[in-house]
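**Student:** Residue numbers (the numbering used here): 149 to 519.
I'd like to ask some things about the structure below.
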Amino acid sequence: MHHSTHDLLSPVPGIARQLHSFHFGPRGGAKVYIQASLHADELPGMLVAWHLKQRLGELEQQGRLQREVILVPVANPVGLEQVLLDAPLGRFELQSGENFNRHFVDLSDSIGDQVEAHLSQDPAHNLALIREYLRRGLDAHPPRTPLQSLRLTLQRLACDADMVLDLHCDFEAVEHLYTTPEAWPQVEPLARYLGVQASLLATDSGGQSFDECFSLVWWQLQQRFGKRFPIPQGSFSVTIELRGQADVSHALATQDCQAILDFLTHSGVIAGQSAALPALRQPATPLAAVEPVTAPLGGLLVFHAKPGQYLEAGQLIAEVIDPLSDRVTPLRNTQAGLMYARSVRRMATAGMVVAHVAGEQVCRSGYLLGN
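See below:
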């Protein structure tokens with residue numbers, strides 16, 4: 149194992165921040181990138197990463213790693229220190245108000261301009277060429293804020309990886325994931341091993357999130373050059389939502405760690421016989437078919453449905469109760485689907501999203517992510 153430290157831009161004199169990456173297996177070739185807790189108040193993935201760190205070290209000693217695996221167990225030291233009055237605030241940077249998992253650097257246009265004259269009919273040549281210009285472009289991009297410094301450091305570590313796994317969680321949820329339709333054939337075995345109950349697909353959900361900043365650049369280059377040059381899918385990425393924020397336990401982390409290792413064995417990253425593929429619990433559905441259920445007014449939030457429950461159209465999900473007027477407002481979904489996540493809060497405010505239901509019929513367009 150090789151342990152690297154990466155200095156981040158300091159906000160003020162006297163404060164130093166570092167990002168730590170752990171490198172396992174043979175270096176200089178194909179690689180896998182795994183990170184946890186980019187939203188720093190989402191901790192199940194951090195524990196899974198800790199378990200992975202122990203297991204990857206053992207596999208390296210056994211000589212079973214066929215590719216380099218880069219592991220970043222604490223992907224957001226900036227957000228991790230944001231604790232206000234005993235409340236962790238790890239989703240948004242307090243200085244800018246920006247979501248830590250948005251606005252990663254988009255280099256697709258500039259890279260396309262630079263590589264166009266050098267592309268050939270050899271897909272391996274084009275793969276290496278684009279990756280080289282990705283690395284150059286990110287190295288030349290100057291960070292002007294601590295948040296940009298964090299994003300660029302993470303992006304540089306993962307930009308030339310064959311696969312990128314970004315470990316997150318929701319508020320109260322069952323296990324689910326986000327990826328692209330193009331990557332779904334490669335991601336489906338992971339969904340099976342993890343036992344995810346909702347797999348949500350979108351080529352571009354908006355916001356330039358961490359996972360999409362890798363898959364999207366290859367897709368955009370394919371759209372631009374695909375009729376003239378063979379542009380491979382140089383990277384596929386997936387955001388894995390490891391249930392809810394309170395689901396931090398060794399039992400669950402051990403289970404998820406083993407599922408990821410089974411997937412890496414199935415993919416040829418780890419030498420050995422892969423475990424049999426379990427059944428897919430639910431078919432993949434479009435992210436645009438997810439219905440965010442909102443509260444039209446404020447009040448006590450009392451749920452009647454749980455994450456993982458399949459709901460018929462118009463089923464009662466929750467009630468919003470005004471204890472002053474005694475008004476009770478039912479909240480229902482408009483189309484059938486699996487309720488995979490709900491809010492941890494029990495006081496609703498007007499317009500607040502209280503739950504997400506994965507349906508099958510597209511009901512949204514444009515920006516598809518939450519705040």
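Each residue gets a CB set at the ideal place from its N, CA and C atoms; glycine is no exception.
#1: Just to confirm, are L338 and V386 a CB contact at a threshold of 9 Å?
#2: Suppose you measure from the CA of A407 to the CA of G343; what does that come to, to the nearest Å?
#3: Just to confirm the assignment, what range does the beta strand (DSSP E) spanning M311 have?
#4: Count the other CB atoms, across all protein chains shown, that sit within 10 Å of the CB of M495; report buried if there are 16 or more and exposed otherwise.
#5: Which residues does DSSP pair with R480 in a beta bridge?
#6: So, using beta-carbon positions, are L219 and F172 closer together than 9 Å?
#7: Which residues share a DSSP beta bridge with M487?
#8: Within this structure, are the beta carbons of A466 and L449 separated by less than 9 Å?
#9: Count the other C-beta atoms from every protein chain shown that fall within 10 angstroms of the C-beta of N249, then say buried if there are 16 or more, exposed otherwise.
#10: For H266, name the three-state secondary structure that DSSP assigns.
#11: So what does P236 bridge to, in DSSP terms?
#12: Would a C-beta distance cut-off of 9 Å place V231 and L412 closer than the cut-off?
#13: Between P329 and the rest of its own chain, which residues show a CB-CB distance below 7 Å, the 5 nearest in sequence each way excluded?
#14: Whose CA, out of T442, P225, N274 and A489, lies closest to the CA of S523?
#15: Count the other CB atoms, across all protein chains shown, that sit within 10 Å of the CB of T153; report buried if there are 16 or more and exposed otherwise.
#16: Rounded to whole angstroms, what's the CA-CA distance from V253 to R212? Just pull it up for me.
#17: Please tell me whether A432 and E336 are closer than 9 Å, where the distance is taken between their beta carbons.
#18: Using the three-state DSSP reduction, which class does H322 fall into: helix, strand or coil?
#19: Within the chosen definition, does the segment 283-303 reach the segment 160-177 through at least 3 CB pairs nearer than 8 Å?
#20: Are the Cβ atoms of L479 and V502 separated by less than 9 Å?
#21: Report the option in I379, L195 and G205 whose CA atom is closest to the CA atom of Q269.
#22: Mind checking whether the beta-carbon of L516 lies closer than 8 Å to any heavy atom of the ligand NAD?
#23: From the DSSP output, read off the bridge partner residues of T433.
#24: Assuming L267 contacts A223 under a Cβ cut-off of 8 Å, what Cβ separation, rounded to an integer in Å, is found between them?
#25: At what residues does the alpha helix (DSSP H) containing L167 begin and finish?
#26: Output yes or no for whether 9 Å exceeds the beta carbon distance between L325 and H289.
#27: Run through DSSP, which three-state label would K179 get?
#28: Do A461 and V510 have their C-beta atoms closer together than 9 Å?
#29: State yes or no: is the C-beta of V321 within less than 9 Å of the C-beta of Y488?
#30: Kindly indicate which three-state DSSP category P440 falls into: helix, strand or coil?
#31: What residue does the alpha helix (DSSP H) around E330 start on, and which one ends it?
#32: Apart from the five residues on each side of it in sequence, which residues of its chain come closer than 8 Å, Cβ to Cβ, to A331?
#33: Got a sec? Which residues, its chain only, sit under 8 Å from E140 by beta carbon, not counting five neighbours each side?
#34: What is the C-beta distance between D314 and Q183, in whole angstroms, given that I count them as a contact (C-beta under 8 Å)?
#35: From which residue to which residue does the alpha helix (DSSP H) around V396 run?
#36: Report the partner residues of S152 according to the DSSP bridge assignment.
**Tutor:** Based on what the coordinates show:
#1: Locating residue 338 in the sequence shown gives position 190, counting from the first residue. Locating residue 386 in the sequence shown gives position 238, counting from the first residue. Yes, these two residues count as a Cβ contact at 9 Å.
#2: As a position in the sequence shown, residue 407 is number 259, starting the count at 1. As a position in the sequence shown, residue 343 is number 195, starting the count at 1. When rounded, the distance between both Cα atoms is 9 Å.
#3: Stepping through the sequence shown from its first residue, residue 311 is reached at position 163. For M311, the enclosing beta strand (DSSP E) begins and ends at M311 to D318.
#4: By one-based count along the sequence shown, residue 495 stands at place 347. Exposed, because fewer than 16 other Cβ atoms sit within 10 Å of the Cβ of M495.
#5: On the sequence shown, position 332 is the one that residue 480 refers to. Its beta-bridge partners are L464.
#6: Along the sequence shown, one-based indexing puts residue 219 at 71. Along the sequence shown, one-based indexing puts residue 172 at 24. In this structure, F172 lies closer than 9 Å to L219 by Cβ.
#7: What you label residue 487 is simply residue 339 of the sequence shown in a count that begins at 1. Paired residues: Q457 and V505.
#8: Within the sequence shown, the letter at position 318 stands for residue 466. Within the sequence shown, the letter at position 301 stands for residue 449. Contact: yes.
#9: Residue mapping note: residue 249 aligns to position 101 of the sequence shown, counting from 1. N249 should be labelled buried.
#10: One-based indexing of the sequence shown puts residue 266 at position 118. Three-state DSSP puts H266 in a helix.
#11: Locating residue 236 in the sequence shown gives position 88, where the first residue counts as 1. For P236, which the question treats as bridged, DSSP gives the partners V231.
#12: Taking the sequence shown and counting its residues from 1, the one referred to as residue 231 is at position 83. Taking the sequence shown and counting its residues from 1, the one referred to as residue 412 is at position 264. Cβ distance not < 9 Å, so V231 and L412 don't count as in contact.
#13: Reading the sequence shown from its first residue, position 181 is the one you call residue 329. The residues are L349 and T351.
#14: The requested residue 523 is not part of the displayed model; the chain covers only 149 to 519.
#15: If you number the sequence shown from 1, residue 153 lands on position 5. Per the 10 Å Cβ criterion, exposed.
#16: Looking up residue 253 in the sequence shown gives position 105. Looking up residue 212 in the sequence shown gives position 64. Straight-line Cα distance between these residues: approximately 34 Å.
#17: Numbered from its first residue, the sequence shown carries residue 432 at position 284. Numbered from its first residue, the sequence shown carries residue 336 at position 188. Taking 9 Å as the Cβ cut-off, A432 and E336 qualify as a contacting pair.
#18: Position 174 of the sequence shown, counted from the first residue, corresponds to residue 322. At residue 322 the sequence reads Val, which differs from the His that was named. DSSP places V322 in coil when its eight states are reduced to three.
#19: These segments touch.
#20: Locating residue 479 in the sequence shown gives position 331, where the first residue counts as 1. Locating residue 502 in the sequence shown gives position 354, where the first residue counts as 1. The Cβ-Cβ distance between L479 and V502 falls below 9 Å.
#21: Locating residue 269 in the sequence shown gives position 121, where the first residue counts as 1. The residue with the shortest Cα to Cα distance from Q269 is I379.
#22: Within the structure as shown, the ligand NAD is missing, as the structure has no ligands at all.
#23: Position 285 of the sequence shown, counting from 1, holds the residue named residue 433. Partner(s): L348.
#24: Along the sequence shown, read from residue 1 onward, the residue named residue 267 stands at position 119. Along the sequence shown, read from residue 1 onward, the residue named residue 223 stands at position 75. Contact flag wrong, Cβ pair sits at about 33 Å.
#25: Residue mapping note: residue 167 aligns to position 19 of the sequence shown, counting from 1. The continuous stretches of alpha helix (DSSP H) do not include L167, which lies in the beta strand (DSSP E) extending over residues R165 to F172.
#26: In the sequence shown, residue 325 corresponds to position 177, counting from 1. In the sequence shown, residue 289 corresponds to position 141, counting from 1. In this structure, the beta-carbon distance from L325 to H289 does not fall below 9 Å.
#27: Against the sequence shown, residue 179 aligns to sequence position 31. K179 falls in the strand class under three-state DSSP.
#28: To locate residue 461, count along the sequence shown from 1; it is residue 313. To locate residue 510, count along the sequence shown from 1; it is residue 362. Using a Cβ distance threshold of 9 Å, A461 and V510 do not count as a contacting pair.
#29: By one-based count along the sequence shown, residue 321 stands at place 173. By one-based count along the sequence shown, residue 488 stands at place 340. As written in the sequence, residue 321 is Ala, which differs from the Val given in the question. Taking 9 Å as the Cβ cut-off, A321 and Y488 qualify as a contacting pair.
#30: Indexing the sequence shown from 1 puts residue 440 at position 292. Of the three classes helix, strand and coil, the one that applies to P440 here is strand, per DSSP.
#31: As a working note, residue 330 is residue 182 in the sequence shown. Run containing E330: none; DSSP gives neither H nor E here.
#32: Your numbering for residue 331 matches position 183 in the sequence shown. Cβ within range, chain order: S363, Q381, F384, S385 and V386.
#33: Because the chain here runs from 149 to 519, residue 140 falls outside it and cannot be looked at.
#34: As a working mapping, residue 314 is identified with position 166 in the sequence shown. As a working mapping, residue 183 is identified with position 35 in the sequence shown. The C-beta separation of D314 from Q183 comes to about 6 Å, placing the pair in contact by the 8 Å criterion.
#35: Taking the first residue of the sequence shown as position 1, residue 396 is located at position 248. For V396, there is no enclosing alpha helix (DSSP H), as DSSP gives it neither H nor E.
#36: Counting from 1 along the sequence shown, the entry for residue 152 is found at position 4. Bridge partners of S152: S169.
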